[in-house]
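Structure, as structure tokens:
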Amino acid sequence: MTRDLKDTVFLPRTDFPMRGGLPKKEPELLAHWAAIDLYGKLRQDGAERAPFVLHDGPPYANGNIHIGHAVNKILKDVVIRSQQMQGRNAVYVPGWDCHGLPIEWKIEEKYRKAGKDKDEVPVLQFRAECRNFAAEWVGIQATEFRRLGVEGDWQNPYLTMAFDAESAIVREIHKFLLNGGLYKGAKPVMWSVVEKTALAEAEVEYQDVTSPMIWVRFPVVTAPTPVLNGAAVVIWTTTPWTMPGNRAVAYGEDIPYAVYTVTEAQEGSLAKVGEKLILAQALAEGVATSAKATFAKGADVAAADLNGAILAHPFRGHPEANGGYDYPVPLLPGDHVTSDAGTGFVHTAPGHGAEDFDLGRKFGLEVPRTVDADGSYYAHVPLFAGARVYTPEGKPGDANGKSISALIAQGALLAKGNLKHSYPHSWRSKAPLIFRTTPQWFISMDTNDLRARALAAIDETQWVPPQGRNRIHAMVESRPDWCISRQRAWGVPIALFLSKADGQPLKDEGVLNRIASFFETEGADAWYNRPAADFLGPDYDPADFDQVFDIVDVWFESGSTHAFVLERRNDLSSPADLYLEGSDQHRGWFHSSLLESCGTRGRAPFKAVLTHGFALDEQGRKMSKSLGNVVAPQQVMEEYGADILRLWVVGSDYSEDLKVGKEILKSNADLYRRLRNTLRYLLGALADFTEAERVEPAAMPDLERWVLHRLAEMDAIVRQSTKEYDLHRLITELHNFCAVDLSAFYFDVRKDSLYCDAPTSARRRAVRTVLERLFVTLTAWLAPILCFTAEEAWLAFLVEGDDARRAAWPESVHLRQFPDIPADWRNDALAARWTVVRDVRRAVTGALELKRADKTIGSSLQAHPTVYVQEAHQAALAGLDLAEISITSGITVMVGAAPEGAFALADVAGVGVVFGPAEGEKCERCWRILPEVPAAAEGVEQLCHRCDDAVGHHV
RNA sequence: GGGCUAGUAGCUCAGCUGGUUAGAGCGCGCGCUUGAUAAGCGUGAGGUCGCAAGUUCAAAUCUUGCCUGGCCCA
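Counted the way our numbering counts, the first sequence spans residues 17 to 971.
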């Protein structure tokens, strides 16, 4: 051969590498976007378009991001980008939750390590350190989020600790004060006697301790049914000291009870022979054992028989109590009562337990204040004044003993013993805790019909998936009033003044405005920094008021973001189109935002809420350090890159929990390769493509028009799934399209034309026209998901194109829109024909596979099969070259029954294939075996007619 | 214990209001190609549809219970 024919073949040519090298490439793209101010250009681009507002739920600024953050931010980013590319101006303002307990802890820890106590530190200094701590993590997390490819207004995020935010938050609190929703109440909280402070659930740890346990008689005073006459209800408790706080006894509505008579009492028993006790049937025997007695079961007592009964407090009539315990003790139904342990009756002290408190609220019981901050009884408590629950060192005090001896004196004690059980302790001092009543601020669920409004707003919101509606509806329906006060330092104070005269909060708008104004310019520190007179102004005397220093629940703060972010920023508006968070936020941010907004604006701050599940390991278990199954996003970045992580998120069914681990990441990397190589192949095939080469669809072969039809179908799917936030469907369809329709079929078939046809050939021009459309369309569709790879491919497209291309297209794929697909590309009749054609093709490739297996052929170009088809098939094949489509050198199509032994596929009826070898010589250029190719001879180029012609063009 | 929710091939997922041999992609095995080559093509093997009852002529699909997970509460 005189020249190398390979040089005349138009092989794919591109610098877009097969391997992404994402861990290295992605940071380069981030730098590039920063350099061209992509965010600014996006805003400029979308300025005239309809806004799309996705309001960011603020993560907590106190540590590196974990996989859950990554899931959330990636989903948001994909939604934002796809909305932007579908005609909206999708502004994304990231935010952070900056106040709160976990940050306080970190700062306290620092002090403790330095041997200092938190209380020695001036509050303003403490708050300043918290602020610095939060600011530092905001910076770190922002970097980590951006590394995921999340685009947004990172220069101007929102922070709950920003002065304007603190001011807006206090204004929201004031709104509740003015509309009557805010009230001061009392609530039992976990309290450390040692530290003299309330503790949050997260600060509590459980340790085993041995406590006294007692069984106590509550004599029936008023019996709704005669069976109860003369009997006593028995309760069991491990906190005898709470008896002074008793205001009720709870029973279970589904628990069978009975009257028992004591028939026998052993030595030392406190039971009295002949006395009648009411107990749960399932527990009576155990009580008898504990009481060292024998019981005889009497009449059954149903829950209905207990309803309305009134009991006597065991201390009733105590000679030294001055009648302090002579109040009625009602029997009340409680859902929390079980027959697992105890007696089936629960001693209820509303000031000493959460369930007791809730039951008390439900039935209007008094919440007595019995114990002071140091663990001693207030002077007003009969019999117990000055007694200690725990000493200041955290050791048991004398209150339990006093209670037990009073019970014995009253003849109320039925039995006693000791129990080793799990009991709450302070995380720091390790001292045991108590439940203690403290004054707190609440937002009423009933004032201004808040509950009803919130429920109505839930129904006006679109929940994705729809089950979310039920979840939050059930919570709002049954939740108690919202306790918004915390006895803490790092947060926004509930900035109010209480009148010393009547304890009522001052509702003077002038004062409230002054407070908010100072906060606006100086931050909430002003509350600690300035004298009260500055806020009260000339009309009030500071001596007449107490200043409230409780801070507000951080959920109230984040629940107010709609007020200081959506409403205040010019680039956003309220209500938001979408809130998008993990499903735990039904209890959290969705919930607090809903209540806050319904309480102040009467409606939800969102039109739609999308929730996603949690990241679990490959076995579907929660990630934990101890299980060693934690997947860190930073690690995935290093090993695979952000696009793999993004692909994983979008490829999972995120309406449920998402599983992740080594194998799953690996398979996502495989999926990614296919998408990347599709783009790479397109780029290679489009080398030197210019506008002059383009042809109209009408002039294209059927196969090209079929591809355009598929693009039209895909376009409908892409738009629909974007609209429904069904990103999972989107990526699945895109991947299948790339793998099945393009790579395995269209690209494979068209390689011959692309590589070997003359550049001027109508067929090749049509192919390249379609490939260009495919590239342009696929990069747009993939851009929201594979934001780095789509950009990398797009930049290659611009660099490898001509000046006209660079002038015609935006400099970034993210500044594009999803391409408009002409409606007439859709051709269902054509598609139906191609379904038949591909069935016949499958029969052919199936037949060839057998010959390949027995080594008759290697390449399919060595074959020239005969295909027997029905008339319907023939009609579908009309005008098509089945050899070209099947990638054989020739093919013979016969209408009629296939001979005996012909190859057939079970699911392709009426098609039979008989193998035949391709006859002739192999074209040295296109490798087809055709009779027209001249025989090998010295000085002869073995070329088919087409290649001979094409080589002529190739100078 | 309560509310919400899930359990389909090794993996990610389809399977609508019950109806022929349960599908797809990936992975895996085998083969081909060596002009997408750390790529591409073909083909094959993989499923007690979590378990058990029940309703029905018929259930992955409906009902109940149980098991194993998840989130939020208690």
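All C-beta atoms, glycine included, are put in the ideal place defined by N, C-alpha and C.
Fair warning: this is a prediction, and the values are worked out from it, not measured in the lab.
Cα separation between residue i and residue j?
{"i": "Pro28", "j": "Ala966", "result": "17 Å"}
{"i": "Thr454", "j": "Val205", "result": "7 Å"}
{"i": "Asp388", "j": "Ala181", "result": "36 Å"}
{"i": "Gln886", "j": "Ile733", "result": "34 Å"}
{"i": "Pro335", "j": "Arg233", "result": "18 Å"}
{"i": "Gly14", "j": "Gly103", "result": "This structure does not reach residue 14, given that the chain is present from 17 up to 971, and the question cannot be answered."}
{"i": "Pro39", "j": "Leu802", "result": "14 Å"}
{"i": "Leu429", "j": "Ile230", "result": "7 Å"}
{"i": "Cys939", "j": "Arg780", "result": "19 Å"}
{"i": "Asp557", "j": "Phe565", "result": "18 Å"}
{"i": "Ala694", "j": "Asp764", "result": "In the sequence on display, residue 694 carries Thr and not Ala. Roughly 12 Å separates the two Cα atoms."}
{"i": "Asp390", "j": "Thr407", "result": "8 Å"}
{"i": "Arg745", "j": "Tyr439", "result": "49 Å"}
{"i": "Glu709", "j": "Glu954", "result": "38 Å"}
{"i": "Pro509", "j": "Gly410", "result": "30 Å"}
{"i": "Glu583", "j": "Gly604", "result": "21 Å"}
{"i": "Glu283", "j": "Ala247", "result": "23 Å"}
{"i": "Asn88", "j": "His628", "result": "8 Å"}
{"i": "Phe561", "j": "Gln456", "result": "18 Å"}
{"i": "Arg502", "j": "Leu117", "result": "10 Å"}
{"i": "Ser392", "j": "Gly433", "result": "24 Å"}
{"i": "Ala806", "j": "Leu194", "result": "53 Å"}
{"i": "Val792", "j": "Tyr697", "result": "13 Å"}
{"i": "Ala415", "j": "Leu293", "result": "27 Å"}
{"i": "Asp742", "j": "Gln171", "result": "30 Å"}
{"i": "Gln958", "j": "Arg944", "result": "11 Å"}
{"i": "Pro591", "j": "His71", "result": "9 Å"}
{"i": "Ala755", "j": "Val929", "result": "26 Å"}
{"i": "Pro74", "j": "His115", "result": "11 Å"}
Per the DSSP calculation, residue i is bridged to which residue(s)?
{"i": "His85", "result": "His85 pairs with nothing; no bridge assigned."}
{"i": "Leu626", "result": "Val480 and Leu596"}
{"i": "Gln563", "result": "Phe513"}
{"i": "Phe551", "result": "DSSP, once it has assigned bridges, lists no residue as partnering Phe551."}
{"i": "Tyr884", "result": "Met910 and Gly928"}
{"i": "Arg502", "result": "Ile567"}
{"i": "Trp252", "result": "Trp231"}
{"i": "Ala631", "result": "Leu674"}
{"i": "Pro344", "result": "Ala328"}
{"i": "His71", "result": "Tyr595"}
{"i": "Trp207", "result": "Ala214 and Ile450"}
Exposed or buried, which one is residue i when buried takes at least 16 other CB atoms within 10 Å?
{"i": "Gly333", "result": "exposed"}
{"i": "Ser599", "result": "buried"}
{"i": "Ala951", "result": "exposed"}
{"i": "Gly111", "result": "buried"}
{"i": "Val911", "result": "exposed"}
{"i": "Leu140", "result": "exposed"}
{"i": "His961", "result": "exposed"}
{"i": "Lys516", "result": "exposed"}
{"i": "Met259", "result": "buried"}
{"i": "Met177", "result": "buried"}
{"i": "Gly575", "result": "buried"}
{"i": "Pro482", "result": "exposed"}
{"i": "Asn35", "result": "According to the sequence displayed, residue 35 carries Arg and not Asn. It counts as exposed."}
{"i": "Asp497", "result": "buried"}
- Query: Using 8 Å as the threshold, is the segment 123-142 in touch with the segment 826-834, meaning 3 or more CB pairs across them?
  - Reply: no
- Message: Going residue by residue through the segment 361-424, where are the continuous alpha helix (DSSP H) segments of at least 4 residues, counting only ones entirely within it?
- Response: 370-379
- Message: What ranges does the alpha helix (DSSP H) occupy inside the segment 668-736, keeping only unbroken runs of at least 4 residues that lie completely in it?
- Response: 678-701
- Item | Whole runs of the beta strand (DSSP E) within the segment 432-481, excluding any shorter than 3 residues | 449-459 and 478-480
- beta strand (DSSP E) runs wholly inside the segment 97-171, at least 3 long, in chain order: 104-107
- Any 3 or more C-beta pairs closer than 8 Å across the segment 279-290 and the segment 235-246: no
- In chain order, which continuous runs of the alpha helix (DSSP H) of length 4 or greater are located wholly inside the segment 815-894? 819-824, 844-869 and 887-893
- Message: Using 8 Å as the cut-off, can you tell me whether the segment 535-553 makes contact with the segment 152-163, which would need three or more C-beta pairs spanning the two stretches below that distance?
- Response: no
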